[in-house]
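Novice: Let me give you the structure first, and then I'll get to my questions.
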Amino acid sequence: MTALTVLLLMLIIAAILVFWVFSLYNGLVRLRNAVKNAWSQIDVQLKRRHDLIPNLVETVKGFASHEKDTLERVISARNFAMKASGPAEAGKAEGALSGALKSLFAVSEAYPDLKANQNFLALQEELTSTENKIAFSRQAYNDSVMRYNNKTEVVPSNIIAGMFGFKAAEFFEIELPEERAVPKVSF
Amino acid sequence: MWEIIQSNKRKSLLLVFLMAALLMLIGSTFGEYFAGSYLTGLFIAFIIWIILSLVAYFQGKNIFLSISGAKKISKDDHPRLFNIVEEMKIASALPAMPDVYIIDDPAPNAFAVGRTPEDAAVAVTTGLLNVLNRDELQGVVAHEIGHIVNRDTMFMSMLAIMLGTIVMLAEIARRSLFFGGGRRRSRSSSRGGGGQAQIVILVVGLLLMILAPLLARLIYLAASRKREYLADASAAVFTRYPEGLASALEKISVSPVKMRKVNQATAPMFIINPMQKLHESKDSLFSTHPASKNRIGILRAMAGGSSYLNYNQAYQSVTTDKHSLIPKSVLKSPPAMDEKKKTAEKSQPDMTQMITRTVMTGAIISDSAKPNEPENHVERVRETNDALWKSQGYRFIDCNCGAKLKVPPDYKRQNVVCLRCHESHSIK
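Keeping their order, the protein sequence lines are chains E and S. Under our numbering, residues -14 to 172 are what the first sequence spells out, in order. Under our numbering, residues -2 to 425 are what the second sequence spells out, in order.
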């Protein structure tokens, strides 16, 4: 083995290493962008829900004006949710809004005229779908967060993640009071 | 997700190569037999294949949609269907919203087409919209989106093209055998007995002519069945609610109504084979789709979870197939998080409820057009809605004032009064 061969071998190994590091880094960037994209999808749907609510409240008011409490709760939950920032805080506020909307739809069951109203039906379909879209984009967001976080924690990509400051992403959890509550059983 | 697409691609490529090999074999044998040179045969086979592929590549989606009589809709035509497709687009992280089509056909069915996920379409029949509730419709749409995400639509159309070419070649060969007789014979006789090699070629050629289309069809169908299971698994993952698709399949498979515009080549693209006999319970070599009973059984057996892992376990226990349906690398990765999906349980009342309401008022008049919308758009919305009404047995009466009366099937009285101009129409 001459010195030249050794040098050449070392160069080749170095090149392979560099490419390997590149691909790990690129993989991390790709996953992080997927997380960002998934978050913007949620954001779009949350905004859409906020926009739909005033219409819904107006329609319900026309038929069931004395359900003041429920209507006000929806409006205040909406205003609160619009001010929230970051996945954790938004999750809490959106959970409260979902709860308020649920009780509004439950109340509307008692008004046959309202339930027959085309405008109300269209709004109900829109809101149902938006709720679903929020749930599905949350699902897609959390899946992408899990993939990204896994990558930042496992060897060897965690070394690259540490070197270039890839921080773990936050999960988006909607807090619904009734989903959290533990059922009480008594005998 | 990515691993499934990759393994799917590998398997599909293998099948494509198998088909291509079959195609070349049949081409060269026929060339040798009829033209005296296998190169000519290869060349002809290649040309036919290229032309069909090019047409399929640029026009495949449109050809398929127009064969099935599908009409493109926008959100105003059927807000719920459109919303559901959008929901599934989000859940599956598709890069672009697929086009949504409706087929005016009372048989409940659906299919997806598209070369790439960016350029795909989902079509459902009016019959499907009538019989399914929101969750079931969501399951069906998720299954179709699953086909798009797993790249099934692309590979199935590639295989379909090759199948078409092989069938076409066999047809050409059969005709020339009966009418032309082939140059081979005259040439070999002039040479004074060609020996055994030519007899072998003759026999192989005849065998190929009979067997190749059959073989090609088997490859095509095997590919199709596996993909149905996989798309079911994807649907469960996207919706996190396997029961939706299970009960949809149940409803669709017992429907006695047959699709009108369907043929052998388009059959594998639908969610349930529109040509299959009812109550078929075993996966046979010749079926395009797995037996619905198995598909429903697997979905229902996914106890408590909706990940690919759950589906694979259910698949193995229901079909007693020891092979893993889904690549190992996917199963090893942590199962997808299960979430409470049903955020809003009460969805908008069904079309049927809308109809029971209108029964009370007697008949419905079409709404007059909104003033600031283009005329053709309104026309299309109306056409779609009319198709929906018609598929539920409504009768249409054109009133002289321009209104269109839609009379429910269970309307008892002899005549109906137009709600706009109060003219009375008699019903036969």
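Positions of the beta carbon are idealized from the N, C-alpha and C atoms, including for glycine. Since the model is a prediction, treat every value here as computed from it, not as a measurement.
I want to see whether chain E comes within less than 9 Å of A90 of chain S, judged by CB atoms only; does it?
Specialist: Yes, contact with chain E.
Novice: Okay, do the segment 87 to 104 of chain S and the segment 150 to 164 of chain S touch, 3+ Cβ pairs below 8 Å being the bar?
Specialist: Flag = no, the segment 87 to 104 of chain S and the segment 150 to 164 of chain S do not touch.
Novice: For the candidate residues S:D132, S:Y54 and S:K68, whose alpha-carbon lies nearest to that of V119 of chain S?
Specialist: The option with the nearest alpha carbon to V119 of chain S is S:K68.
Novice: Going along chain E in order, which residues have a C-beta closer than 8 Å to the C-beta of R237 of chain S?
Specialist: In chain order: Q124.
Novice: Alpha carbon to alpha carbon, what distance is there between A228 of chain S and K255 of chain S?
Specialist: Answer to the nearest angstrom: the Cα atoms are 23 Å apart.
Novice: With a threshold of 9 Å between beta carbons, is N80 of chain S in contact with chain E?
Specialist: Closer than 9 Å to some Cβ of chain E, the Cβ of N80 of chain S qualifies, so yes.
Novice: Taking all protein chains shown into account, decide if K53 of chain E is buried (16 or more other Cβ within 10 angstroms of its Cβ) or exposed.
Specialist: The residue is exposed, with fewer than 16 neighbouring Cβ atoms inside 10 Å.
Novice: Is there at least one Cβ from chain S nearer than 9 Å to A21 of chain E's Cβ?
Specialist: It should be noted that the sequence gives Lys, not Ala, for residue 21 of chain E. Judged by the 9 Å Cβ criterion, K21 of chain E is not in contact with chain S.
Novice: Decide yes or no for the touch test of the segment 122 to 138 of chain E against the segment 150 to 160 of chain E: beta carbon pairs closer than 8 Å, at least 3 of them.
Specialist: The segment 122 to 138 of chain E vs the segment 150 to 160 of chain E: in contact.
Novice: Could you tell me the boundaries of the beta strand (DSSP E) in which G111 of chain S lies?
Specialist: Note, G111 of chain S: beta strand (DSSP E), A107 to T113.
Novice: Using only CA atoms, which one of S:T26, S:R417 and S:V414 lies nearest to V197 of chain S?
Specialist: It is S:T26 whose Cα lies nearest to the Cα of V197 of chain S.
Novice: Quick one: what's R392 of chain S bridged to in DSSP?
Specialist: Partner(s): S:V404.
Novice: If I measure Cβ to Cβ from A132 of chain S and keep anything under 6 Å in the same chain, skipping five residues before and after, which residues do I get?
Specialist: According to the sequence displayed, residue 132 of chain S carries Asp and not Ala. G241.
Novice: Is any beta-carbon of chain S found at less than 9 Å from that of N117 of chain E?
Specialist: With 9 Å as the cut-off, N117 of chain E counts as an interface residue toward chain S.
Novice: Taking I145 of chain S as the query, report the chain E residues whose CB atoms sit under 8 Å from its CB, ordered along the chain.
Specialist: Within chain E, no residue comes near I145 of chain S; the closest Cβ sits about 16 Å away, beyond 8 Å.
Novice: State the beta-bridge partners of V97 of chain S as determined by DSSP.
Specialist: DSSP lists S:I70 and S:V119 as partners of V97 of chain S.
Novice: Grab the span of the alpha helix (DSSP H) containing H144 of chain S for me, first residue to last.
Specialist: H144 of chain S -> alpha helix (DSSP H) spans R131 to V146.
Novice: Grouping DSSP H, G and I as helix and E and B as strand, with all else coil, what is H35 of chain E?
Specialist: Of the three classes helix, strand and coil, the one that applies to H35 of chain E here is helix, per DSSP.
Novice: Would you grab the beta carbon distance between I87 of chain S and P114 of chain S for me? Rounded to a whole angstrom, and I think it's under 8 Å.
Specialist: Incorrect: roughly 14 Å between the Cβ atoms, too far for contact.
Novice: Under 8 Å, with one C-beta from each stretch per pair, do the segment 105 to 113 of chain S and the segment 204 to 212 of chain S reach the 3-pair mark?
Specialist: The segment 105 to 113 of chain S is not in contact with the segment 204 to 212 of chain S.
Novice: What is the DSSP secondary structure of V413 of chain S, counted as helix, strand or coil?
Specialist: V413 of chain S: strand per DSSP, three-state reduction.
Novice: Return the Cβ separation of A232 of chain S and G294 of chain S in integer angstroms, given the expectation that the two are a contact with Cβ distance under 8 Å.
Specialist: So it is not a contact: roughly 15 Å between Cβ atoms.
Novice: Could you tell me if A23 of chain E is buried or exposed, where buried requires 16 or more neighbouring beta carbons within 10 angstroms of its beta carbon?
Specialist: Buried.
Novice: Smallest Cα separation from N127 of chain E: which of S:S89, S:K248 and S:A17?
Specialist: It is S:S89 whose Cα lies nearest to the Cα of N127 of chain E.
Novice: In angstroms, rounded to a whole number, what distance separates the CA positions of I158 of chain S and L49 of chain S?
Specialist: The alpha-carbon atoms of I158 of chain S and L49 of chain S are separated by roughly 6 Å.
Novice: Shortest alpha-carbon distance to D98 of chain E belongs to which of E:A49, E:S8 and E:I1?
Specialist: When each option's Cα is compared against that of D98 of chain E, the closest is E:A49.
Novice: When you compare each of S:C415, S:G390, S:S173 and S:A93 to T123 of chain S by their alpha carbons, which one comes out closest?
Specialist: Of the candidates S:C415, S:G390, S:S173 and S:A93, the one whose C-alpha sits nearest the C-alpha of T123 of chain S is S:G390.
Novice: I'd like the list of long-range same chain contacts for L15 of chain S, defined as Cβ closer than 8 Å, with 5 residues on each side in sequence excluded.
Specialist: Hits under 8 Å: I216.
Novice: Can you find a CB in chain E that lies within less than 9 Å of the CB of M155 of chain S?
Specialist: No, M155 of chain S lies away from the interface with chain E (no Cβ there is under 9 Å from its Cβ).
Novice: I want to verify the contact list: residues of chain E whose CB lies under 7 Å from the CB of I87 of chain S, in sequence order.
Specialist: Simply Q26, K118, F121, S122 and A125.
Novice: Could you tell me the alpha carbon to alpha carbon distance between H140 of chain S and P287 of chain S, rounded to whole angstroms?
Specialist: H140 of chain S and P287 of chain S: Cα-Cα distance of roughly 14 Å.
Novice: When the Cα atoms are used, what is the spatial distance from S122 of chain E to L(-8) of chain E?
Specialist: Going from the Cα of S122 of chain E to the Cα of L(-8) of chain E covers about 52 Å.
Novice: Using 9 Å as the limit for Cβ to Cβ distance, is T137 of chain E near chain S?
Specialist: No, T137 of chain E does not count as interfacial toward chain S.
Novice: Beta-carbon within less than 6 Å of D170 of chain S's beta-carbon, same chain only, minus the 5 sequence neighbours each way: which residues are those?
Specialist: One detail in the question is off: residue 170 of chain S reads as Ala in this sequence, not Asp. Correct list, in chain order: F27 and M206.
Novice: Taking the alpha-carbon positions, what's the K72 of chain S to Q56 of chain S distance?
Specialist: Roughly 25 Å between the two C-alpha positions.
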